[in-house]
Amino acid sequence: MALDLFCGIPVSDYASALTWYERLLGGPPAFYPNDVEAVWELAEHRYLYIEHLPEHAGHARHTLFVGDFDERVAQIADRGLAPAQRDTYANGVRKTTYRDPDGNEIGFGGAPQTLEPEL
162 MALDLFCGIP
172 VSDYASALTW
182 YERLLGGPPA
192 FYPNDVEAVW
202 ELAEHRYLYI
212 EHLPEHAGHA
222 RHTLFVGDFD
232 ERVAQIADRG
242 LAPAQRDTYA
252 NGVRKTTYRD
262 PDGNEIGFGG
272 APQTLEPEL
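When we follow our numbering, the leftmost residue of the sequence shown carries the number 162, and every step to the right adds one.
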């Protein structure tokens with residue numbers, strides 16, 4: 162079964178959001194379906210898009226579980242964005258949450274940190 166996933170994020174200021182998401186995701190959108198949407202392909206058949214829908218802005222909550230958690234969070238920091246929240250759950254899973262200018266939450270989750278054995 163073929164499956165494509167599109168996660169939408171309503172925004173109130175399209176131009177501002179476009180700049181913010183380019184910083185968060187590390188590059189420009191993969192494509193623009195129209196004048197009020199921008200789409201990033203995060204992985205094959207998995208997309209995140211912003212759409213100018215001011216009446217719905219600020220209510221999205223998405224979490225992306227990634228294998229390169231530490232590297233990704235460091236790269237986002239290098240692009241000038243600071244997380245709004247950092248969590249480590251009882252099972253060691255980590256999550257770093259960012260909020261766009263409308264308050265939409267985009268989180269990145271990662272596996273528990275492995276500790277090097279002390280010699």
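Cβ atoms here follow ideal geometry from the backbone N, Cα and C, with glycine treated the same way.
- In the DSSP annotation of this structure, the continuous segment of the beta strand (DSSP E) that includes A199 starts and ends at 198-204.
- The three-state reading of DSSP puts L164 in coil, since its state is none of H, G, I, E or B.
- In the same chain as N252, and ignoring 5 residues on each side of it, the C-beta atoms closer than 8 Å to its own belong to P273, in chain order.
- For T249, the enclosing beta strand (DSSP E) has its first and last residue at 246-249.
- Between G241 and V234, the alpha-carbon positions lie close to 11 Å from each other.
- For E266, the enclosing beta strand (DSSP E) stretches over residues 266-271.
- Pairing F167 with Y210, the inter-Cα distance amounts to about 7 Å.
- Residue environment for A178: buried (at least 16 other C-beta atoms within 10 angstroms of its C-beta).
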